[in-house]
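Novice: Quick one: structure below, then a few questions.
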Amino acid sequence: MAQPQHSFLDWIGEHLFTCPFRAHFGFDCPGCGFQRSVLALFRGDLIASFKFYPATIPLIFVIVFTIVHLKVDFKFGAQLIKIVFAGVAVIILINYIYKIYTHQLI
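Shown next, in the form of structure tokens:
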């Protein structure tokens, strides 16, 4: 009987890094979910990506924009990077508070 074909993304999904913070302390760190979110994004599932880690898409945007800004030097690029980065930090903080709150209710 033929074995089912697995994609590279399936292999990656089975070999994600273990969070040392979670392994040591028993609860998620502020970055937990990022790997699964990027994997869902590569698969084209924006909703799952957002559910795993809401800051992934804005974080990728700010990284790509920063790289382009370093080459092109937009007039207000540095200011935009600071604003979006602050927004990403707020998203991460809100998501982490939500995770802690919902984890304690279970």
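The opening residue of the sequence shown carries number 27 in our numbering; numbering runs sequentially from there. All residues carry an ideal CB built from backbone N, CA and C; glycine is no exception.
#1: What beta strand (DSSP E) runs, 3 residues minimum, are completely inside the region 69-111?
#2: Given a cut-off of 7 Å, decide if residue 108 and residue 54 are closer than it, judged by their beta-carbon atoms.
#3: If you count every other CB in all the chains shown that lies within 10 Å of the CB of residue 33, and 16 or more means buried, which is it?
#4: How is the alpha helix (DSSP H) around residue 39 delimited, first residue to last?
#5: With burial defined as no fewer than 16 other Cβ atoms inside 10 Å of the residue's Cβ, what is the status of residue 64: buried or exposed?
#6: Around the C-beta of residue 82, are 16 or more other C-beta atoms found within 10 angstroms, so that it is buried, or is it exposed?
#7: Rounded to whole angstroms, what's the CA-CA distance from residue 41 to residue 70? Just pull it up for me.
#8: Going by DSSP, what residue range makes up the alpha helix (DSSP H) through residue 46?
#9: I'd like the list of long-range same chain contacts for residue 101, defined as Cβ closer than 7 Å, with 5 residues on each side in sequence excluded.
#10: Which term fits residue 52, buried or exposed, when burial requires 16 or more other beta carbons within 10 angstroms of its beta carbon?
Specialist: Let's see:
#1: none
#2: no
#3: exposed
#4: 34-40
#5: buried
#6: buried
#7: 19 Å
#8: 46-51
#9: none
#10: exposed
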